[in-house]
Structure formats: structure tokens, C-alpha cells
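Worksheet for the structure shown next.
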Amino acid sequence: MSNKLQKHQKKVNRLVRSSIAFTFFFGINSVLYINSQNNFEELLSEKEAIRAIKISSDIDQISFKTKIKTKSQACADPFSDFCQEYLATLIQLKNRIYDYQMIFNNVFEYQKDSEQIKNLNAYENKLDLLIGDYFGLNPREAKKKGIQSVEQYIEFLNSKGLIEKSISKRKDIVSQILSLTNQTYEYLNNTVSLIEKRALKIEDSNLRLKSILYGLIFLQILVFILVNYIDLINNNFDKDSDSPNDLLIK
Amino acid sequence: MNFKRKLKPLIVAFSFSMTAMTAGQILLFRETTDSLISHCREINRQNISFYNLLASTALIPSGNFEERSKNPKYCSQFINKETNTYLVQLNRYKTNDFYEILNIASEKIRLYADNYQILQNKRAKTTQNLLVFVLIMNVSGLAAMSIFLKFDTTE
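Heads up: the protein sequence lines correspond to chains A and B, in order. With my numbering as the guide, the letters of the first sequence map in order to residues 1 to 250. With my numbering as the guide, the letters of the second sequence map in order to residues 251 to 405.
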């Protein structure tokens, strides 16, 4: 083997080793990039959920409390439409607390047995029991009985005469429901504030993602140039020539 | 520095591939920005729901609701100059009347919504053009490569 060919092979081997090393770094970087991209998307969803809860919780709290107060006062006669509206409001509140649990589970990625979801679930269960105390049948039992709408629910209660008759007891239950609403929203706001404090800043996450992307681009260009350079010098190599220039023809 | 004659089409093929690769990287880079624009648009959608709720309820919330529904700083980079001028004009208008504040906020939300929609449409068009460009560069690269292979075979 001529000296020129040996020299050429040595150079190509070095270039191939470098390109394999850079490809390895590129691989690591792409895994990092995919991971950062997913984290960034999750962070955006988390921020959206935090913001949605923060801007709506105050209005929800005020609106539920006002509705509960006015509709419970109007629900003196169990056969009136006001009782149906009152029951509908309480079921809406119960469903809203369930929605918060879903947000905590799906967006904030809390496990179902986490303290936060357990606490929200406890508020939901307590509300369920209080509805049962007031109306004589709680929504969970109503569901078991196959009741699917508020109309069917109220009809069933009236037919069985289940609604609590004592006005003072009813007043007491309403005040317990109002207090429970306050506690739920206070807990929700505190937990969301903690999540917000703990969450990364979007600007930082975006900067990290872009830095990894720049690294990815740099490595890709480097590997591309190296591989194509090897291709070029291989094709340009003339092993039969005795020229002292072993790589490129001058 | 002289290359063999057969290598000229190979260099052209590399250049086309390099251009296609760069365009692909630009597309990847734009994807990150697109996620952020969608996030800002989602925040504006939340504001639409929030102000609709405020407008339909007889209750005036305690606390500064304008502060809560404010757009994040990182979203301001996506606001064009014309929209920004209108927003500055609206911000200058001061009033204590709740319903007037609500109307101003609605106008601002509308401006943001239009801005994001125009921006996303423009970007979608550019992305489409870039994708076609990548396709053209790839095919051109292959054509140049075939010319190189022809020369290589002859040699």
C-alpha cells in the first residue's frame, strides 16, 4: 500500500471517528430536546390551568354563595321550582369540585391518592352528605337508584316526602354548605398558589429549549459537513497519481 | 483548489441537501414559537370567557380583575405595531365605571384575538411555503446526485 493511500485512510478514519462521536452527542441532545419540548408543552398547559382557576375561582365562589343563599331561602315549599333550582346549584357545585380534581389529576399530574386530590374529594363527599341531609337523599344514592336528571331527582324526593321539614335544621345545613364552599375555594386558591410558585418560568423553560435546539442544529450541521467532506475527498482521491498533494488535485 | 469534474454535481447536491436541512431546522425552531403563540391565544380565550362571565353576572368581583386577566409579558413579543398602538391608546383611557372598564377590556381582548389570528395565519402560510421549499431542495439534490452518479459510472 502506498504511503499516500495510508495517509488518506488515516485521515478518513479520523474523520469517521469524529462524525460517529458527534452523532452520539447529537443522539443524546435529541433525547434531551424531546424531553424539554414535552416539559415545555406541559408547563404551558399547567400555566393555562393555573390561570383559568385563578381568574374564575373568585367569581365561582361569589356566584355559588349568592345562588345558595337566595335559592335556599326561596326553597321554603319543597314543591316549588326554587327547590329544583337550589338542588341544581348544589349539584353544579359538587360537579365543579369534581372538575377541580380532574384538573389536578390530568394537568397538574397529581396521583389520585395524593393529599391534594384526597382533600378535594373529601370536600365533594362532605357536600354530597350535606345535600343528603337537606333533601333526604344524596346525589350518590340518587345515582344508584338510576335517577339521571334534577327533575327526576326532585320528583322522587317529593313523592317520598324526603326533604327536611325543620326550618332551623335546614338553615343550619345551608350555613354548613356556605362554610364548606368557603373552605373549598380557600384550599383551592392556596394549593394553586403553591403550584404556581413551584412551577418553572415559561421564559426559562423556553430559553433551555432553544439552547438545546441550537446545540442540535450545530451538531447536525457538523455531522453533515464531516460526512460530505469524507465523501468529497474519497471521490477526489487519485490513488494512481504520484502527485505530492494526496487529497485534492491542484 | 481544483475538484475532479465529476465532483461538481456532488457539491451542488450537498448544497441542496444543506439548504433543505437548514429549512427543516427553521421549521423545528418555529414549532417552539408556535406552541407559545397558541398558549398566548389560549390565555386570551380564557379572558374572553372570564369577561363574558363578568358581563353576564350582576356581581362585581372584589380585587383587581384587570390585573388577574392581564396578558403575560412574554406574549407581548407577538403583538404587532398597529395593535400595540391601539392597545396603548386604550390603556390611556382611565375610568372608574365598572361597565366602561368591562367594555375597554372587551375591546382589548378583541384586538388581541385578531392579532393572534392574523399572526397564526401568516405563520401557517410561511410554514407551508417552507415545506414546499424543503421538498424542492430535496428533489433538486437527488437530481444533482444522479448527474454525479452518471459521471462516476463513466469514470
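Glycine residues also receive a C-beta, built at the ideal position from the N, C-alpha and C atoms.
Presumed contact (8 angstroms Cβ cut-off) between residue i and residue j, rounded CB distance
{"i": "B:Glu-316", "j": "B:Ile-351", "result": "7 angstroms"}
{"i": "A:Leu-120", "j": "A:Ile-97", "result": "6 angstroms"}
{"i": "A:Leu-130", "j": "A:Ile-173", "result": "6 angstroms"}
{"i": "A:Ser-179", "j": "A:Leu-43", "result": "Not quite, the Cβ-Cβ distance comes to about 35 angstroms (not below 8 angstroms), so this is no contact."}
{"i": "A:Glu-46", "j": "A:Phe-108", "result": "6 angstroms"}
{"i": "B:Leu-260", "j": "A:Asn-235", "result": "7 angstroms"}
{"i": "B:Ser-288", "j": "B:Phe-300", "result": "Incorrect: roughly 19 angstroms between the Cβ atoms, too far for contact."}
{"i": "A:Val-150", "j": "A:Leu-87", "result": "6 angstroms"}
{"i": "A:Ile-163", "j": "A:Gly-146", "result": "A:Ile-163 to A:Gly-146, Cβ: 20 angstroms. No contact."}
{"i": "B:Ile-359", "j": "B:Tyr-343", "result": "Contact flag wrong, Cβ pair sits at about 15 angstroms."}
{"i": "A:Leu-188", "j": "A:Tyr-110", "result": "About 13 angstroms separates the two Cβ atoms, so there is no contact after all."}
{"i": "A:Leu-216", "j": "A:Phe-26", "result": "7 angstroms"}
{"i": "A:Val-12", "j": "A:Ile-230", "result": "6 angstroms"}
{"i": "B:Ala-263", "j": "B:Gly-391", "result": "5 angstroms"}
{"i": "A:Thr-184", "j": "A:Ile-68", "result": "In fact, because the Cβ distance is near 12 angstroms, the residues do not count as touching under 8 angstroms."}
8 angstroms Cβ cut-off: residues of chain B touching residue i
{"i": "A:Thr-220", "result": "Correcting the residue identity first, residue 220 of chain A is Gln in this sequence and not Thr. Met-271 and Gln-275, listed in chain order."}
{"i": "A:Leu-87", "result": "By Cβ distance, chain B contributes nothing, its closest Cβ being about 21 angstroms from A:Leu-87, past 8 angstroms."}
Bounding residues of the alpha helix (DSSP H) (the contiguous stretch that carries residue i)
{"i": "B:Pro-322", "result": "Unbroken run through B:Pro-322: none, as it is neither H nor E."}
{"i": "B:Gln-378", "result": "348-404"}
{"i": "A:Gly-132", "result": "115-135"}
{"i": "A:Ile-147", "result": "Note, A:Ile-147: premise wrong, no alpha helix (DSSP H); not H, not E."}
{"i": "A:Gly-161", "result": "It is not in any alpha helix (DSSP H) - A:Gly-161 carries neither H nor E in the DSSP assignment."}
{"i": "A:Phe-25", "result": "3-74"}
{"i": "A:Ser-107", "result": "In the sequence as displayed, the identity of residue 107 of chain A is Val instead of Ser. Looking at the DSSP string, A:Val-107 is not in any alpha helix (DSSP H), and its letter there is neither H nor E."}
{"i": "B:Thr-335", "result": "331-342"}
{"i": "B:Asn-264", "result": "The question names Asn, yet the displayed sequence has Phe at residue 264 of chain B. Here the alpha helix (DSSP H) through B:Phe-264 covers 257-306."}
{"i": "A:Asp-172", "result": "167-198"}
{"i": "A:Lys-201", "result": "Here A:Lys-201 belongs to no alpha helix (DSSP H), and DSSP marks it neither H nor E."}
Chain B residues whose Cβ lies nearer than 9 angstroms to that of residue i
{"i": "A:Lys-210", "result": "Phe-279 and Thr-282"}
{"i": "A:Phe-224", "result": "Phe-264, Ser-267, Met-268 and Met-271"}
{"i": "A:Leu-32", "result": "None at all; the shortest Cβ gap to chain B is about 14 angstroms."}
{"i": "A:Leu-232", "result": "Phe-253, Leu-257, Leu-260, Ile-261 and Phe-264"}
{"i": "A:Leu-213", "result": "Gln-275, Leu-278, Phe-279 and Thr-282"}
Contact list for residue i against chain A, beta-carbon separation under 7 angstroms
{"i": "B:Glu-292", "result": "Glu-48"}
{"i": "B:Ser-380", "result": "Before going further, note that residue 380 of chain B is Leu rather than Ser in the sequence given. Correct list: empty, because the minimum Cβ distance to chain A is about 15 angstroms."}
Listed by chain order, chain A residues near residue i by CB distance under 8 angstroms
{"i": "B:Phe-383", "result": "Per Cβ cutoff of 8 angstroms: no residues; B:Phe-383 is ~17 angstroms from chain A at best."}
{"i": "B:Leu-286", "result": "Leu-44, Ile-202 and Asn-206"}
Closer than 9 angstroms at the beta carbon, the chain A residues around residue i
{"i": "B:Lys-254", "result": "Asn-235, Asn-236, Asp-238 and Ile-249"}
{"i": "B:Gln-296", "result": "Glu-48, Arg-51, Ala-52, Ile-55 and Ser-56"}
{"i": "B:Leu-304", "result": "Ile-59"}
Neighbour list for residue i in chain B, Cβ cutoff strictly below 7 angstroms
{"i": "A:Ile-217", "result": "Gln-275"}
{"i": "A:Asn-228", "result": "Phe-264"}
beta-carbon residue i near the ligand ADP non-hydrogen atom, thresh 7 angstroms
{"i": "B:Val-338", "result": "As for the ligand ADP, it is missing from this structure, which has no ligand bound."}
message: Closer than 8 angstroms between beta carbons: that is the criterion. Which residues of the segment 35-59 of chain A meet it against chain B?
response: Flagged, chain order: Gln-37, Phe-40, Glu-41, Leu-44, Lys-47, Glu-48, Arg-51, Ala-52, Lys-54, Ile-55, Ser-56, Asp-58 and Ile-59.
Residues of the segment 175-205 of chain A with Cβ closer than 8 angstroms to any Cβ of chain B, in chain order: Those residues of the segment 175-205 of chain A placed with their C-beta closer than 8 angstroms to a C-beta in chain B are Ile-202 and Glu-203, ordered along the chain.
task: Pull out every residue of the segment 343-359 of chain B whose Cβ sits closer than 7 angstroms to any Cβ of chain C, in chain order.
output: Considering every chain present, this structure includes no chain C. Its protein chains are A and B.
message: Residues of the segment 315-331 of chain B in Cβ contact with chain A at a cutoff of 9 angstroms, in chain order, please.
response: The segment 315-331 of chain B vs chain A, Cβ under 9 angstroms: Phe-315, Arg-318, Ser-319, Pro-322, Lys-323 and Tyr-324.
message: Output needed in chain order: residues of the segment 104-137 of chain A with a Cβ under 8 angstroms from some Cβ in chain B.
response: So the list is empty, because no residue satisfies the distance condition.
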